[in-house]
């Protein structure tokens, strides 16, 4: 009996199980964190203060970190396996393990580990039953990995909803904050609207193709697109047009009366619904537009670590999924939709930059600017050549570490010495703690795209691919619309460097061990990728199997 | 059997009713209902196309949409309930006047 079960398990692990193994490990560790949490809470409530060994503050993050480590190890083994024997697919071709999945999963695991480390000493995350918080982080990471692995519309939808529900709880959980976060309510509603639009778009795609597998959908849409092309050609005057018209009359006589655009209209509608829905769902824009607009100074009422997770990892997950959909389903009609994407990118960059100018709260400034940062990635989609693919993944890789660095800085400065909620609180940071000021400036310069840092190469690669494919005017538009963005980042750097501190606070900034680790990793990546970018570009190239 | 375009028009109508509701109403619960109408429009689409192609995956999708809809409704209602007890209203405009007292 046992042998049967074991052999069945072994067969499963060689087939479908291997595809899902990293996610399953995260899931088990999340459950473990929850169980540990309730057990520790019960024991410590009986004898308060006696059970020091099981102080939850350290056990919960430790288990969660172990989960990400195990999952990363499995991912590494999977990577070796797909290098030997090609991509894996499982669960009736709904999930795949390819280099794209491995790259982005590693990115999500790194983001989750960094956020866990930053949350250990975070005072805004209440110490009571914080195991839930870490379990939610692991669940969110697992769902994001599923989202990137999925190649079937049904599974993509399920994974997206799983990510969103973890996000709602992370943003709105009352145990995480003692205030009612109005930003969380806004986030919930824009995200729910986004998922409704995406599902409607998916229903159109299903209707156009009769299948839910994205490569099948792509094939059906490609056929449709080819018919549209032939119709457009047959309307031209000259011998070629006449030839096409004859071809059309012999093959598909009823199509002679059709207009090419009507054939393309439904796919474009589906494309618009899916991309706008995805942007509404995950990207941060709606998240800061609050109900009353007078509060440029107050923060969101959500812990900084959660905001970092929402604006960093979630944004990257959304972009990763959008890229997969764009490059498979909508690959054939790229010449039609690149206008839309370019418009969205330029609008996002200008909106993020301009809106951040009005803000004085540091978190708000950085979250607004993260809209602009994500919009830069879309420019790579406009260029859509090999260089652009590398540029986008390189950009996302370095962006994750620099934005984590900035948030880590804010969390450290605020929790340890004084409130660094607003720009004015940064005054005199150099005198209080030169290292802190210097680190903050490195991160901010990297986000702004200044030369010796990682951010510069991210921008450079994207601009290079734009020019390579002849989108010179878009390059100009983007340069002009980036000016407020650069100003906004430089403003933070200037505030941190200049000015004398107020007399009231004079505490130096001290780093905890976990924050020091996070900041060390982040500053290493944002400088190393700027000074010697070869290993990082190789990693970025790996994502698209080059 | 009705042709598929009839169902498509129905679902377009539902979609626009829902979208208008989301964009124009201020009350959070009405907004939530309007979003559910959009999801139902998608569901109608899936069922119609599943019938058209004789393919079961559209029906599966439709059932999953309903399940997800229930789940999302649950989460959203919990959050709205938490907000309402604080704001004493489900409409953010009313809450504006209270915001100074509530330290929000």
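Protein chains in written order, with the working numbering: chain R, 1 to 546; chain E, 1001 to 1104. Yeah, the Cβ is synthetic: ideal placement off N, Cα and C, and Gly gets one too.
Buried or exposed by the 16-neighbour rule on C-beta atoms within 10 Å, applied to residue i
i, result
"residue 395(R)", "buried"
"residue 325(R)", "buried"
"residue 338(R)", "buried"
"residue 101(R)", "buried"
"residue 23(R)", "buried"
"residue 61(R)", "buried"
"residue 1098(E)", "For residue 1098(E), the pLDDT reaches just 43, beneath the cut-off of 50, and the residue's location in the model is therefore unreliable, leaving the point undetermined."
"residue 376(R)", "buried"
"residue 471(R)", "buried"
"residue 1066(E)", "exposed"
"residue 534(R)", "exposed"
"residue 457(R)", "buried"
"residue 38(R)", "exposed"
"residue 364(R)", "buried"
Chain E within 8 Å of residue i, Cβ atoms only
i, result
"residue 214(R)", "no"
"residue 529(R)", "no"
"residue 220(R)", "no"
"residue 304(R)", "no"
"residue 210(R)", "yes"
"residue 105(R)", "no"
"residue 493(R)", "no"
"residue 154(R)", "yes"
"residue 139(R)", "no"
"residue 165(R)", "yes"
Closer than 8 Å to chain R by CB, residue i
i, result
"residue 1015(E)", "yes"
"residue 1035(E)", "yes"
"residue 1029(E)", "no"
"residue 1068(E)", "yes"
"residue 1009(E)", "no"
"residue 1056(E)", "no"
"residue 1077(E)", "no"
"residue 1081(E)", "no"
"residue 1063(E)", "no"
"residue 1071(E)", "yes"
Which residues DSSP lists as bridging residue i, in chain order
i, result
"residue 95(R)", "90(R) and 150(R)"
"residue 335(R)", "In DSSP, residue 335(R) forms no bridge with anything."
"residue 361(R)", "422(R)"
"residue 213(R)", "152(R)"
Sequence-distant residues of the same chain with beta carbon closer than 8 Å to residue i, five excluded per side
i, result
"residue 18(R)", "78, 81, 88, 90 and 97"
"residue 1045(E)", "1007, 1008 and 1011"
"residue 369(R)", "352, 353, 356, 447, 485, 488 and 489"
"residue 211(R)", "217 and 220"
"residue 1073(E)", "1032 and 1036"
Where residue i sits in the DSSP three-state scheme
i, result
"residue 3(R)", "helix"
"residue 538(R)", "helix"
"residue 422(R)", "strand"
"residue 1085(E)", "helix"
"residue 226(R)", "helix"
"residue 60(R)", "helix"
"residue 42(R)", "helix"
"residue 1045(E)", "helix"
"residue 1027(E)", "coil"
"residue 469(R)", "coil"
"residue 287(R)", "Confidence is the limiting factor: at residue 287(R) the pLDDT is only 49, short of 50, which leaves the residue's position unreliable and the question unanswerable from this model."
"residue 1003(E)", "coil"
"residue 25(R)", "helix"
"residue 367(R)", "helix"
"residue 257(R)", "helix"
"residue 328(R)", "helix"
"residue 492(R)", "helix"
Beta-carbon proximity list for residue i, same chain, < 6 Å, skipping 5 on both sides
i, result
"residue 512(R)", "121"
"residue 585(R)", "The structure shown does not extend to residue 585(R), since chain R spans only 1 to 546, so no value can be given for it."
"residue 274(R)", "198 and 201"
"residue 1105(E)", "The requested residue 1105(E) is not part of the displayed model; chain E covers only 1001 to 1104."
"residue 392(R)", "377 and 380"
"residue 264(R)", "228"
"residue 469(R)", "383 and 385"
Heavy atom of the ligand SAM within 7 Å of residue i beta-carbon
i, result
"residue 443(R)", "The ligand SAM is not part of the structure shown, which contains no ligands of any sort."
Cβ neighbours of residue i in the same chain (closer than 7 Å, five flanking residues each side left out)
i, result
"residue 221(R)", "208, 209, 267, 329 and 332"
"residue 463(R)", "475"
"residue 157(R)", "199 and 202"
"residue 312(R)", "111, 400, 403 and 404"
"residue 622(R)", "Look at the range of chain R in this structure, 1 to 546, and you will see that residue 622(R) is not part of it."
"residue 271(R)", "330 and 337"
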